[in-house]
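Novice: Below is the structure I would like to discuss, written out as structure tokens.
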Amino acid sequence: MTTPNTAAAVELDGKDLPAHCPNPAMPLWSSHPRVFLEFIHGEAKCPYCGTAYRLKPGTVVGHH
Numbered sequence: 008m009t010t011p012n013t014a015a016a017v018e019l020d021g022k023d024l025p026a027h028c029p030n031p032a033m034p035l036w037s038s039h040p041r042v043f044l045e046f047i048h049g050e051a052k053c054p055y056c057g058t059a060y061r062l063k064p065g066t067v068v069g070h071h
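Structure below.
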């Protein structure tokens with residue numbers, strides 16, 4: 008059984024995109040398959056570990 012991640016959301020800036028989990032700051036023991044995150048309304052949640060990600064206010068997402 009796993010317990011949900013109750014830590015504060017990881018705040019990202021436009022330069023951090025595309026974002027993935029696990030992120031480079033996470034310890035190796037908590038590693039899981041890398042998944043790229045889709046931000047909806049500026050927020051995303053990892054389907055594996057439940058880590059919440061949020062874009063910083065005013066973040067401009069570049070388009071190709």
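The sequence shown begins at 8 in the working numbering and counts up by one.
Virtual Cβ for every residue (Gly too), placed ideally from N, Cα, C.
Note that the structure is a prediction, hence the values are computed from the model and not measured.
1. Mind checking whether residue 29 and residue 37 have CB atoms under 8 Å apart?
2. Please classify residue 35 as buried or exposed, where buried requires at least 16 other C-beta atoms within 10 Å of its C-beta.
3. Is it true that the CB of residue 53 sits closer than 8 Å to the CB of residue 42?
4. Just how far apart, CA to CA, sit residue 19 and residue 27?
5. Please work out which residues of its chain come closer than 6 Å, Cβ to Cβ, to residue 55, disregarding the five sequence neighbours upstream and downstream, and give them in chain order.
Specialist: In terms of the structure at hand:
1. Taking the sequence shown and counting its residues from 1, the one referred to as residue 29 is at position 22. Taking the sequence shown and counting its residues from 1, the one referred to as residue 37 is at position 30. Between residue 29 and residue 37, the gap from beta carbon to beta carbon is short of 8 Å.
2. Translated into positions along the sequence shown, residue 35 becomes position 28. When all chains shown are included, residue 35 counts as exposed.
3. Position 35 of the sequence shown, counted from the first residue, corresponds to residue 42. Position 46 of the sequence shown, counted from the first residue, corresponds to residue 53. When the beta-carbon positions are compared, residue 42 and residue 53 come within less than 8 Å of each other.
4. For the purposes of this step, residue 19 is taken as residue 12 along the sequence shown, with counting starting at 1. For the purposes of this step, residue 27 is taken as residue 20 along the sequence shown, with counting starting at 1. Roughly 11 Å separates the two Cα atoms.
5. Looking up residue 55 in the sequence shown gives position 48. The beta carbon of residue 55 sits closer than 6 Å to those of 39, all from its chain and outside the five residues before and after it, given in chain order.
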